[in-house]
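Okay, so here's the structure we're looking at.
Structure follows, in structure tokens:
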């Protein structure tokens, strides 16, 4: 499709749909935006910086997104869709291990280590996108929406674990994990998963299950 160069061109509405080529182009621009966010921080993002990163015109980026906020929201959606997809894949295993808090904790520790520590780009992207929401209130509905979606994916597992309030307990575990992940990305420690991460998550999961801490 032709891509108007005017700054006044409105970004296509989500329900208008794009051709396969247009959607491929849109995804390539989101990928460029995420590379910038990971490499230079969320403050580096602009339509022009993404155009430079993607080696295309400013008008092309404006056509697909219209504003920095729309582009940042698209980046949030993309990253969170990836997380939801991978999280959904382990949800059945979490449910199956709900009777064994140690195994439940081990699955969570392993999943988040692979997702956010081993893949540093994803870990940094998640941190930067949440930090962007701290600065820009218009991004918070997108972050909140995905928080609810992710909580819903493991709600049944948390209920089977013994949680009395699975959404609140998911948020409790999620935000504790976030702090541990950021600390590891900033100051890497050897054997982080076994020495630091897993023991911390075990304490969290025993608390959610209403069990005394493991000695």
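Residue numbers (our numbering): 407 to 621. Every residue gets a Cβ at the ideal spot worked out from N, C-alpha and C, and that includes glycine. Since the model is a prediction, treat every value here as computed from it, not as a measurement.
Can you tell me whether DSSP reads residue i as helix, strand or coil?
{"i": "residue 609", "result": "helix"}
{"i": "residue 527", "result": "helix"}
{"i": "residue 507", "result": "helix"}
{"i": "residue 498", "result": "helix"}
{"i": "residue 446", "result": "helix"}
{"i": "residue 461", "result": "coil"}
{"i": "residue 601", "result": "helix"}
{"i": "residue 427", "result": "helix"}
{"i": "residue 400", "result": "For the chain, the structure presents residues 407 to 621; residue 400 sits outside this window and is missing."}
{"i": "residue 474", "result": "helix"}
Cβ atoms of residue j and residue i: under 7 Å apart, would you say?
{"i": "residue 546", "j": "residue 553", "result": "no"}
{"i": "residue 497", "j": "residue 611", "result": "no"}
{"i": "residue 515", "j": "residue 604", "result": "yes"}
{"i": "residue 484", "j": "residue 555", "result": "no"}
{"i": "residue 569", "j": "residue 614", "result": "yes"}
{"i": "residue 623", "j": "residue 475", "result": "Residue 623 lies beyond the stretch modelled for the chain, which goes from 407 to 621, so this question has no answer here."}
{"i": "residue 479", "j": "residue 548", "result": "yes"}
{"i": "residue 432", "j": "residue 470", "result": "yes"}
Grab me the residues of residue i's own chain with a C-beta within less than 7 Å of its C-beta, minus the 5 sequence neighbours each way, in chain order.
{"i": "residue 522", "result": "528, 529, 532, 587"}
{"i": "residue 563", "result": "497, 500, 501, 504"}
{"i": "residue 439", "result": "451, 456, 477, 481"}
{"i": "residue 590", "result": "523, 598"}
{"i": "residue 600", "result": "none"}
{"i": "residue 585", "result": "none"}
{"i": "residue 441", "result": "459"}
{"i": "residue 576", "result": "557, 560, 564"}
Pick from the options: whose alpha carbon is nearest that of residue i?
{"i": "residue 448", "options": "492, 498, 537", "result": "537"}
{"i": "residue 489", "options": "517, 464, 598, 615", "result": "517"}
{"i": "residue 578", "options": "484, 507, 557", "result": "557"}
{"i": "residue 429", "options": "520, 534, 467, 459", "result": "467"}
{"i": "residue 593", "options": "609, 526, 493", "result": "526"}
{"i": "residue 561", "options": "494, 520, 585", "result": "494"}
{"i": "residue 446", "options": "487, 534, 509", "result": "534"}
{"i": "residue 486", "options": "559, 465, 541, 427", "result": "559"}
{"i": "residue 583", "options": "427, 520, 541", "result": "520"}
Below 8 Å CB to CB, which residues in the same chain sit around residue i once its five sequence neighbours on both sides are set aside?
{"i": "residue 618", "result": "612"}
{"i": "residue 609", "result": "619, 620"}
{"i": "residue 595", "result": "601, 602"}
{"i": "residue 421", "result": "Since pLDDT at residue 421 reaches only 38, below the 50 mark, its modelled position is unreliable, and the value read off the structure follows with that caveat. Excluding residues within five positions, none has a Cβ falling inside 8 Å."}
{"i": "residue 622", "result": "The structure shown does not extend to residue 622, since the chain is modelled only from 407 to 621, so the question has no answer here."}
Starting from the C-beta of residue i, find all residues in its chain whose C-beta is less than 6 Å away, skip the five residues before and the five after it, and write them out in chain order.
{"i": "residue 507", "result": "611, 612, 615"}
{"i": "residue 607", "result": "511, 514, 515"}
{"i": "residue 460", "result": "435, 438"}
{"i": "residue 374", "result": "Residue coverage of the chain in this structure runs from 407 to 621, which leaves residue 374 outside it and unanswerable."}
{"i": "residue 444", "result": "527, 530, 531"}
{"i": "residue 426", "result": "none"}
{"i": "residue 640", "result": "Only positions 407 to 621 of the chain appear in this structure, which leaves residue 640 out of reach."}
{"i": "residue 409", "result": "Residue placement at residue 409 is flagged as unreliable, the pLDDT there being 35, under the threshold of 50; the coordinate-derived value follows with that caveat. Only 466, 469 meet the Cβ criterion."}
Does residue i come within less than 7 Å of chain D when only Cβ atoms are used?
{"i": "residue 580", "result": "In the structure shown, chain D cannot be found, because there is only a single protein chain."}
Next item on the list: Return the chain-ordered ranges of every alpha helix (DSSP H) run that is complete within the stretch 531 to 590 and spans a minimum of 4 residues.
Entry: Counting whole runs of 4 or more residues, the stretch 531 to 590 contains the alpha helix (DSSP H) stretches 546 to 559, 561 to 567.
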